[in-house]
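Residue numbers (full-length UniProt numbering): 1 to 156.
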Amino acid sequence: ASTPPQLYATAKQALSQSQRLKAILSSSDAMRSLLGPQRADSLSAAIIMELHVETYQPNDYLLSEGHASDRCFIIDEGSADLLVSCAGSPPLKVCQYGPGSVFCEFALVDPTLRPGSIVATLPTRVWTLDRRSFDVILKSKSDSKGASGQPLMQSV
């Protein structure tokens, strides 16, 4: 029996997407810091399994300044701007995120209010990972010690 072409294309796309996400996660300094450099690669597969896809249109807010966030974002397609309000002035564009950008990583461990807004500038597709899923991954994949014997997220 042969594999139907649609199934093959879907499997190939999923593998390519998984490889791309693994490369993005392994190149994110913040994610490596959160997970511990020795564990980042080994936890990538578990993280990828927990990602959710969201889509945004231009001018949609991915998150708003002054609100708590409990998730991390990875842009697959499109772009978004980080805007920060200055007293009495219109919001200032601080940076732009594009495909492969990872942001709000520390929202996975820190519930503080976000200092800026993230606004889509193009039709944008993102993967998100929420704090609860992140906690479950860490607990299920660890005895709460990193490869060095130090507690995970000691420096966070």
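Ideal Cβ positions, reconstructed from N, Cα and C, are used throughout, including at glycine.
Just so it is clear, the structure is predicted and the values come from calculations on it, not from any experiment.
Based on the DSSP output, what are the partners of residue i in its beta bridges?
i	result
threonine 128	His52, Phe73
lysine 93	Leu83
Under the three-state reduction of DSSP, which class applies to residue i: helix, strand or coil?
i	result
serine 101	coil
serine 64	coil
valine 136	helix
serine 16	helix
serine 117	strand
serine 28	coil
aspartate 41	helix
Comparing alpha-carbon positions, which option in the options lies nearest residue i?
i	options	result
phenylalanine 106	Tyr97, Asp130, Gly88, Pro91	Asp130
arginine 71	Gly100, Ser44, Pro111	Pro111
aspartate 60	Ala68, Leu82, Gly66, Ile137	Leu82
serine 44	Ala68, Ser18, Ser117	Ser18
valine 102	His67, Ser16, Thr128, Ser69	Thr128
valine 53	Ile137, Leu138, Val126	Val126
glutamine 96	Ser85, Ser26, Ala80	Ala80
Report the CB separation of residue i from residue j in whole angstroms; it is logged as a contact under 8 Å.
i	j	result
leucine 122	glycine 78	4 Å
serine 124	isoleucine 75	Per the sequence shown, the amino acid found at residue 124 is threonine instead of serine. Between isoleucine 75 and threonine 124 the Cβ distance is about 6 Å, and since that is below 8 Å, they are a contact.
leucine 108	phenylalanine 134	4 Å
glycine 66	leucine 113	5 Å
Have a look at residue i and residue j and give me their C-alpha separation to the nearest angstrom.
i	j	result
proline 115	serine 42	31 Å
glycine 88	leucine 51	38 Å
proline 91	leucine 21	31 Å
tyrosine 56	valine 119	9 Å
leucine 62	isoleucine 24	20 Å
valine 156	serine 16	Residue placement at valine 156 is flagged as unreliable, the pLDDT there being 36, under the threshold of 50; the coordinate-derived value follows with that caveat. C-alpha separation (whole angstroms): 32 Å.
glycine 64	glycine 100	Here residue 64 turns out to be serine, not glycine, going by the sequence shown. About 21 Å.
Is residue i near the ligand MN, with its Cβ less than 6 Å from a heavy atom?
i	result
glycine 100	Among the components of this structure there are no ligands whatsoever, and the ligand MN is therefore not found.
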